[in-house]
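Engineer: Input: one structure, supplied below.
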Amino acid sequence: MTALDTALTPGLPLALLLAHLIGDFLLQPNAWVDDRRRHGRRSRRLVHHALIHAGLGLVVLTLFALASPTATLVSAVFAALAIGASHWLIDLGKGRLDHRWPSRPLTIFILDQALHGAVIVMIWLFWSGSLAPLTQAATAITSPKALGLLVAYVIVTRPMSIAIAMLMGPLSSQLDDPGTLSQAGARIGVLERLLVLTLTLFDQLTAVGFLLAAKSVLRFGDLKESRDRKLTEYVLLGTLASVTSTLVLGLLLRLWWGPTL
């Protein structure tokens with residue numbers, strides 16, 4: 013691989029990802045999705061969708077082939093055909109899963125996009141002609157800093173939700189039925205902690221304060237009703253416990269890493 017190929021290689025997966033996003037979300041009408049679900053492998057719209065992805069992939073791969081002294085247009089054509097064919101197969105399988113498990117649309121969506129991402133990675137490795145990019149990615153992911161980051165983000169999801177629920181458990185019995193959505197509070201807490209941890213790691217503590225103030229203002233109206241005072245205090249106490257624990261975790265990570273991420 014030449015120096016130019018080495019410089020071009022990191023940009024290829026991003027360009028293919030951009031082409032995938034355009035083809036999957038901007039150039040696929042809802043009517044095509046419905047047609048695919050109704051007719052399965054006989055869907056003409058599914059074929060059109062796969063051809064669009066093949067065409068977008070061909071454009072990207074041709075541009076990279078013209079810029080590379082070693083890649084050929086023939087390899088670009090074969091890789092584009094592989095993108096189109098794999099897209100047809102993956103989306104066909106997604107349609108069948110939609111019928112089998114209609115109650116799990118998010119799981120099916122994530123699986124579908126993960127498979128498309130795997131195809132992009134394989135095209136990238138084929139184009140680079142070596143496993144060096146994969147080895148470099150594995151080295152980066154297994155570094156102490158990356159593993160510490162992953163551990164922190166996992167902690168602020170369900171593990172911290174369970175810990176806060178145990179902390180707030182003795183107080184929940186004092187509340188009347190708040191009439192909230194099932195699991196809404198836990199999910200809001202997870203998103204809140206993910207945001208607070210990210211802001212803390214990037215040294216944006218002012219934004220954390222703004223987030224906390226905005227949530228407090230959101231609950232301020234409840235203070236006007238004495239019957240809701242307990243619920244308001246419960247929510248604010250839970251918020252402070254959630255934000256404080258996440259702040260401490262983020263600051264400990266920054267202390268470990270030093271001034272830069």
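Letter by letter, the sequence shown follows residues 13 to 273 of our numbering. All C-beta atoms in this analysis are idealised placements derived from N, C-alpha and C, irrespective of residue type, glycine included.
With a 10 Å radius around its C-beta and 16 neighbouring C-beta atoms as the bar for buried, classify residue 270 as buried or exposed.
Structural biologist: In the sequence shown, residue 270 corresponds to position 258, counting from 1. When all chains shown are included, residue 270 counts as exposed.
Engineer: Residues in its own chain within less than 6 Å of residue 27 by CB, not counting five upstream and five downstream?
Structural biologist: Numbered from 1 along the sequence shown, position 15 holds the residue referred to as residue 27. Counting only Cβ-Cβ distances below 6 Å, and skipping sequence neighbours, we find 72.
Engineer: Rounded to the nearest angstrom, what separates residue 31 and residue 149 at their Cα positions?
Structural biologist: If you number the sequence shown from 1, residue 31 lands on position 19. If you number the sequence shown from 1, residue 149 lands on position 137. Using only the alpha carbons, I get a separation of about 22 Å.
Engineer: Suppose only complete runs of 4+ residues qualify. What are the alpha helix (DSSP H) ranges in the stretch 29-87, listed by chain order?
Structural biologist: Listed in chain order, they are 42-51, 56-79.
Engineer: Determine the extent of the alpha helix (DSSP H) in which residue 147 is found, giving its start and end residues.
Structural biologist: Position 135 of the sequence shown, counting from 1, holds the residue named residue 147. Run containing residue 147: 144-153, per the alpha helix (DSSP H) assignment.
Engineer: Would the beta-carbon of residue 95 fall within 7 Å of that of residue 61?
Structural biologist: Here residue 95 refers to the residue found at position 83 of the sequence shown. Here residue 61 refers to the residue found at position 49 of the sequence shown. Cβ distance not < 7 Å, so residue 95 and residue 61 don't count as in contact.
Engineer: For residue 307, I'd like the list of residues in its chain whose CB is within less than 8 Å of its CB, leaving aside the five on either flank, ordered along the chain.
Structural biologist: Any question about residue 307 goes unanswered here, given that the chain covers just 13 to 273.
Engineer: Hey, quick one: how far does the alpha helix (DSSP H) through residue 136 stretch, first residue to last?
Structural biologist: As a first step, residue 136 must be located in the sequence shown, where it is residue number 124. From DSSP, the alpha helix (DSSP H) with residue 136 extends over 117-140.
Engineer: Roughly how far, in whole angstroms, is the beta-carbon of residue 202 from the beta-carbon of residue 259, given that I think they are within contact range, below 8 Å?
Structural biologist: Start at 1 with the first residue of the sequence shown, and residue 202 comes out as number 190. Start at 1 with the first residue of the sequence shown, and residue 259 comes out as number 247. About 16 Å separates the two Cβ atoms, so there is no contact after all.
Engineer: Excluding five sequence neighbours on each side, which residues of the same chain lie with their C-beta closer than 8 Å to the C-beta of residue 102?
Structural biologist: Mapped onto the sequence shown, residue 102 falls at position 90. Cβ within range, chain order: 124, 127, 128, 131.
Engineer: Quick one: grab the DSSP three-state call for residue 156.
Structural biologist: Numbered from its first residue, the sequence shown carries residue 156 at position 144. Residue state, collapsed to three classes: helix.
Engineer: Quick one: what does DSSP say residue 168 is sitting in, helix, strand or coil?
Structural biologist: Along the sequence shown, one-based indexing puts residue 168 at 156. Correct three-state label for residue 168: coil.
Engineer: Distance check for residue 197 and residue 77, CA to CA, integer angstroms please.
Structural biologist: Counting from one through the sequence shown, the residue named residue 77 turns up at place 65. Counting from one through the sequence shown, the residue named residue 197 turns up at place 185. Approximately 51 Å, taken between the alpha carbons.
Engineer: Tell me which same chain residues have a C-beta within less than 6 Å of the C-beta of residue 109, skipping the five on either side of it?
Structural biologist: Residue numbering aside, residue 109 sits at position 97 when the sequence shown is read from its first letter. Correct list, in chain order: 120.
Engineer: What does the alpha-carbon distance come out to for the pair residue 165 and residue 243?
Structural biologist: For the purposes of this step, residue 165 is identified with residue 153 of the sequence shown, where counting begins at 1. For the purposes of this step, residue 243 is identified with residue 231 of the sequence shown, where counting begins at 1. Looking at the two C-alpha atoms, the distance is approximately 28 Å.
Engineer: With distances taken from CA atoms, which of 163, 246, 221 is nearest residue 180?
Structural biologist: As a first step, residue 180 is located in the sequence shown; it is residue number 168 there, counting from the start. The candidate whose alpha carbon is nearest that of residue 180 is 246.
Engineer: Put residue 113 into one of helix, strand or coil per three-state DSSP.
Structural biologist: Translated into positions along the sequence shown, residue 113 becomes position 101. Of the three classes helix, strand and coil, the one that applies to residue 113 here is coil, per DSSP.
Engineer: Express the C-alpha separation of residue 222 and residue 178 in angstroms, rounding to a whole number.
Structural biologist: Your numbering for residue 178 matches position 166 in the sequence shown. Your numbering for residue 222 matches position 210 in the sequence shown. Those two C-alpha atoms are separated by around 27 Å.
Engineer: Between the C-alpha atoms of residue 82 and residue 257, what's the straight-line distance to the nearest angstrom?
Structural biologist: By one-based count along the sequence shown, residue 82 stands at place 70. By one-based count along the sequence shown, residue 257 stands at place 245. Each residue's alpha carbon lies about 53 Å from the other.
Engineer: Pull up the distance between the alpha-carbon of residue 84 and that of residue 116, whole angstroms please.
Structural biologist: Here the question's residue 84 lines up with position 72 in the sequence shown. Here the question's residue 116 lines up with position 104 in the sequence shown. Going from the Cα of residue 84 to the Cα of residue 116 covers about 42 Å.
Engineer: Please work out which residues of its chain come closer than 7 Å, Cβ to Cβ, to residue 146, disregarding the five sequence neighbours upstream and downstream, and give them in chain order.
Structural biologist: The residue labelled residue 146 in the question sits at position 134 within the sequence shown. Contacts found: 137.
Engineer: Less than 7 Å between the C-beta atoms of residue 44 and residue 57, yes or no?
Structural biologist: Within the sequence shown, residue 44 is the residue found at index 32, counting from 1. Within the sequence shown, residue 57 is the residue found at index 45, counting from 1. Yes, the pair counts as a contact, with Cβ atoms nearer than the cut-off.
Engineer: Using the beta-carbon count (16 or more within 10 Å), is residue 99 buried or exposed?
Structural biologist: Counted from its first residue, the sequence shown places residue 99 at position 87. Residue 99 is buried by the Cβ-count criterion.
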